[in-house]
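So the structure is just underneath, and the comments pick up after that.
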Amino acid sequence: MSTPAISIQNLTKEFIPPSVMRRGAITAVRDLSLKVEAGHVYGLLGPNGSGKSTTMKVVLGLVTPTSGKTFIFGKNSRDVESREAVGFLPENPYFYKFLTGEETVHFYGKLCGIRGKMLRDRTRELLALVGLEDAANRRVGGYSKGMLQRIGLAQALVQDPRLLVLDEPTAGVDPAGSREICDLILQFKARGLTVLLCSHLLSQVQEICDRIGIMHRGGLVREGPLDHLITIENQTEMVLENASPELLAELRAKIAAGGARLAGEGKPQQNLERYFLDVTSEAKKSDQ
Amino acid sequence: MTANSPSAAAHASAHKLFSLGRAAAIAGNTLRDLVRQKVFYFMLVFALVLIGMSLVLAALSFQGQLQMVMNMSLGAMSVFTMLLAVLASAMMLPKDIEDRTLYTILAKPVSRFEYLLGKLAGVALMLLIATLLMTVFFCIVLWFWQGREIASIRGSVQSELVDAEVAKVMAGTFTPTLFGGIGVIFLRAVVCSALTLMVSSFATSWLFTVIISLMLILIGHIVPIARSAWMDPIQAGVDVPWYLSLFLRLITVFAPDMQLFNIVDDIAVGTHVASGIFGQVTALGCGYITIYVLVAYLFFAWREL
Amino acid sequence: MAGALKGRVIGVAVLLVWGILKLPIETELTAQLQHERLGKYKITASLRQQAGQAGFIAVLGGLRAPVADLLFIRAHIAWQQHVEYGRMKLYFDICTALQPRREMFWDMAAWHMAYNGAAYIEQTEKDKYIRDRQMKEYYKVGEDYLLRAVENCPDSWSLYDRLGSLYREKFHDPCKAAAAFARAAERPNRLDYTRRLAAIYLADCPGHEKEAYDKLLALYKESEKEWVPSLLEKIQILERKLGIPKEERVYIPEKHRLLPD
Ligand SMILES: Nc1ncnc2c1ncn2[C@@H]1O[C@H](COP(=O)(O)OP(=O)(O)OP(=O)(O)O)[C@@H](O)[C@H]1O
Ligand SMILES: [Mg+2]
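Heads up: the protein sequence lines correspond to chains A, B and C, in order.
Number 286 in the working numbering belongs to position 275 of the first sequence; there are no gaps in the numbering.
Number 102 in the working numbering belongs to position 52 of the second sequence; there are no gaps in the numbering.
Number 312 in the working numbering belongs to position 42 of the third sequence; there are no gaps in the numbering.
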């Protein structure tokens, strides 16, 4: 098996407030272990304050773990080198407000060692990709929230990374734009990019993720392939086409005779949102 | 929106531990940011101060004006560059952290050392441009007053002395010491900037950084006194209690001796300063800058963002 | 967190080591700059004290010179607008303390006090006894400025020149005047007349006639440029005073000859 794109091993992160007493330390992440295989789109879910963003920051080396280790393509996050092939879009991204959109992407490109014509082409291409061609020469200070999100995505993509870490990529983006971003992620996936994202828009997560992890109070409470998690094991769904009422009556009789119970009819619509809420409320109960 | 397969594959090459290119990119960006924040309008104020001062001096006509224009210009330059250095440097880190711009920068393969160095280089570049602009203004004003001074000598001094006095004025205005002194003003500004960067690397607010840095710089001006009170208390003629002497020692060790960068005070009285001294002061300044950047890095390397 | 703590500890340690290493370098550089400022002359104790008293000055940093200039301008305005010598003296005291190497400050301070101040008293004070005493006080203040001036600017010839003139014109003391001009003549870039004045005034100093005569003669022999009327006159007077035989006396151009005794 190839090296995982992200590997998190027993990660714990405590935030200690800068007081002498060291009281009120917050454990943002608690003994978290996780692997994201190359080529997957992984969705990290969880209520507010459950430690999703903190986990991402540790992976990117922006925050030092209290204990445990994280790796990107086998390289420790501690090392700058591990960030060669990563693009990161933080939550509520913000950029130098005196720069234009184009200059912003340019700047991040230079940080990744891209120069000259290649950088210019890449910048134009990316601005077109995120739909900001018309605003390319306007200062970022005047951008709307959704535009900031888009320019953030463009800068994350500037060095053609193999791994994308997106913290709520569609927050504040209009429905059409959010649809476009989802499509983009699906295209990246088709090209073999690995994506780690977190989002509260569960329908989107359901659509694009291969695998999800649900966090609660810093710990991972559920983890696995998406279809696996939301499949109801003791139920079977049959979708019949052109079934006559007689056939259906016959089936119902057969089911009752065979010892099975007909739980419902129509499409069994277990959706991710329901599942997510169940899992988190269950965890809450066990806390109390 | 379509995702064409991007062609850039920069990460294919091996990662360099330190890249001048990345630091230069940050420096360039910092400079651009400062320029767009209109810091150079500060220079306009400087020019106005010089012109206003000239007018005032012209109104109060009596001798020594050339010297005074020189002193006031150099004094204004000292204060402007130091303030500019502290204010511009104090803003950088807290603002990047607050705006979370730092997340996106450090999520790229940029080390924190490259980031700090780039920031300092950007401010230093800005200070260099500011110093050069001020020097140009200053030279124009000084040239004008030199002309006036010579005219007034020809008009008033007894004939036996005229040539000697004129020669003295000619030789005493645009001296190598003057330009060396301006170079030291710039150097001091960069030292102040590095000091501020160091403070901001552990400080949590912009205001705290400005206050602490300015205080350190002010204290730096009494280092020679603190040092002589420590080194030879008898000569200094003071009998200090132990806590005061401890305080003086702390100042002497931890604050930079800013008076060494005050060569302009000597230029004001026409002292010639040997180039060897300029060399040593420059070396000392570079030492300070190196140490401050290093310590800033040590403070910043593990900092939570 | 452990890393952050380690970083801080190492950082402070680096600052400490640097602080100790830089100490001798800064001491040495300060000494060198001091040498540059005062040349080959040694720092005197009083200068040292003065520096200590003006410790607050150091805080002004790069603003020392312009602040001194502003005070100087204030003093000048105080003089022009409402002759206030007490206030002027205060300003001069501060600005000379701030910038003791600035010759002009000393020069102007002494001139205002010894000449203008004394003249003001002469015109305004009616009581002769008080007038004389107060004028003497003003001369003394002027002398005091110049004495401190030459201490602070040891290579200035013009300050000694001013001091000599003050002794000559206000104190009517040819001995001190001659000594001051002699010091002026030893400084770099001095004008030639300082040597001449040192010798001429010495001629009037009782007990130094022979010494003065030798000096005058040396100048006389050096070049014809020195043959100014006052020098030729003093030579003739001294020759008579010292009883130099006629045949040993020097040649004096016709028009400068004194009447035969
Ligand atoms: N720099 C910090 N200092 C102190 N506490 C922090 C810091 N950053 C995060 N925390 C705390 O850590 C916990 C996890 O925060 P985190 O931002 O990871 O949550 P999240 O899952 O991203 O939430 P959201 O959905 O709101 O974005 C929170 O309780 C938060 O208050
Ligand atoms: Mg978050």
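The beta-carbon is built from N, C-alpha and C at its ideal position, and this holds for glycine as well.
As the structure is a computational prediction, the values presented were derived from the model and not from experiment.
Original post:
Is there at least one Cβ from chain A nearer than 8 Å to B:Leu183's Cβ?
Top reply: no
Subject >> Exposure label - C:His382; buried when at least 16 CB within 10 Å >> reply: buried
Subject >> A:Asp178, enclosing alpha helix (DSSP H) - first and last residue >> reply: No alpha helix (DSSP H) contains A:Asp178, which is instead part of the beta strand (DSSP E) from 174-178.
Subject >> Assigned exposure category for B:Tyr153 - 16 Cβ within 10 Å defines buried >> reply: buried
Original post:
Taking buried to mean at least 16 other C-beta atoms within 10 Å of its own C-beta, is B:Ser104 buried or exposed?
Top reply: buried
Original post:
Would you call A:Ile219 buried or exposed, if buried means 16 or more other Cβ atoms sit within 10 Å of its Cβ?
Top reply: buried
Original post:
If A:Ser1 sits next to A:Ile19, beta carbons under 8 Å apart, how far is it from one beta carbon to the other, in whole angstroms?
Top reply: Outside the shown range of chain A (12 to 299) lies residue 1 of chain A, about which nothing can therefore be said.
Original post:
So which residues of chain C does B:Leu353 contact, with C-beta pairs closer than 9 Å?
Top reply: With the sequence shown as reference, residue 353 of chain B is identified as Arg, and Leu is not the correct amino acid for it. Result: Ala274, Gly277.
Subject >> Around ligand 2, Cβ to any heavy atom closer than 7 Å, ordered along the chain >> reply: A:Lys63, A:Ser64, A:Glu102, A:Asp178, A:Glu179, A:Cys209
Original post:
Roughly how many angstroms separate the alpha carbons of A:Gln3 and B:Val173, rounded to a whole number?
Top reply: Beyond the ends of chain A as shown, which are 12 and 299, falls residue 3 of chain A; an answer cannot be given.
Original post:
Looking only at C-alpha atoms, which of B:Phe350, B:Leu310, B:Lys218, B:Ile317 sits nearest to B:Leu334?
Top reply: B:Leu310
Original post:
Which residues in the same chain have their Cβ closer than 7 Å to the Cβ of A:Arg94, if we skip the five residues on either side of it in sequence?
Top reply: Leu71, Gly72
Original post:
At a cut-off of 7 Å, is C:Ala301 close to ligand 1 when judged by its beta-carbon and the heavy atoms of the ligand?
Top reply: no
Subject >> Range covered by the beta strand (DSSP E) that runs through A:Val97 >> reply: 97-100
Original post:
At a CB-CB cut-off below 8 Å, which residues of chain C make contact with B:Gly71?
Top reply: The contacting residues do not exist; B:Gly71 stays about 26 Å from chain C at best.
Subject >> Proximal residues of chain B, C-beta to C-beta of C:Leu508 below 7 Å >> reply: Simply none; closest approach about 26 Å.
Original post:
Would you say the beta carbon of A:Ser88 comes nearer than 7 Å to a heavy atom of ligand 1?
Top reply: no
**OP:** For the alpha helix (DSSP H) holding A:Phe118, just list the boundary residues, first then last.
**Re:** 112-122
Original post:
Looking at the C-beta of A:Val74, does it have a partner C-beta in chain B at a distance below 8 Å?
Top reply: yes
Original post:
According to the Cβ coordinates, are A:Leu22 and A:Val40 closer than 8 Å?
Top reply: yes
**OP:** Indicate, with yes or no, if ligand 1 has a heavy atom lying under 7 Å from the CB of A:Ser297.
**Re:** no
**OP:** Leaving out five residues on either side along the sequence, give the residues of the same chain with a beta carbon under 8 Å from the beta carbon of C:Arg375.
**Re:** Going by the sequence as given, residue 375 of chain C is Phe instead of Arg. Within the same chain, C:Phe375 has close Cβ partners Ala338, Phe342, Phe362, Cys365, Thr366, Gln369.
Original post:
What does DSSP give as the partner residues of A:Cys209 in its beta bridges?
Top reply: A:Leu55, A:Asp178
Original post:
Do B:Ile317 and B:Val331 have their CB atoms nearer than 8 Å?
Top reply: no
Original post:
Using the beta-carbon count (16 or more within 10 Å), is C:Asp397 buried or exposed?
Top reply: exposed
Subject >> Cβ of B:Gly329 within 8 Å of any chain C Cβ >> reply: no
Original post:
What is the DSSP secondary structure of B:Gly270, counted as helix, strand or coil?
Top reply: helix
Original post:
Hey, would you say the C-beta of A:Ser189 is under 7 Å away from at least one heavy atom of ligand 4?
Top reply: Ligand 4 is absent from the structure shown, which contains only ligand 1 and ligand 2.
Original post:
How many Å lie between B:Ile232 and B:Ala126 at the Cα?
Top reply: 12 Å
**OP:** List the DSSP bridge partners of A:Val47.
**Re:** A:Ile17
**OP:** Check A:Asn148 in the structure and name its three-state DSSP category.
**Re:** coil
Original post:
When the Cα of A:Leu100 is compared with those of A:Thr38, A:Pro172, A:Ala139, A:Val91, which residue comes out closest?
Top reply: A:Pro172
**OP:** Give a yes or no on whether the minimum CB-CB distance between B:Tyr153 and chain A is below 8 Å.
**Re:** yes
Original post:
In the structure shown, what three-state DSSP assignment does A:Pro76 receive?
Top reply: coil
Original post:
Residues in its own chain within less than 8 Å of A:Pro58 by CB, not counting five upstream and five downstream?
Top reply: His227, Thr291
Original post:
What's the call for A:Leu143, buried or exposed, on a 16-neighbour Cβ count within 10 Å?
Top reply: buried
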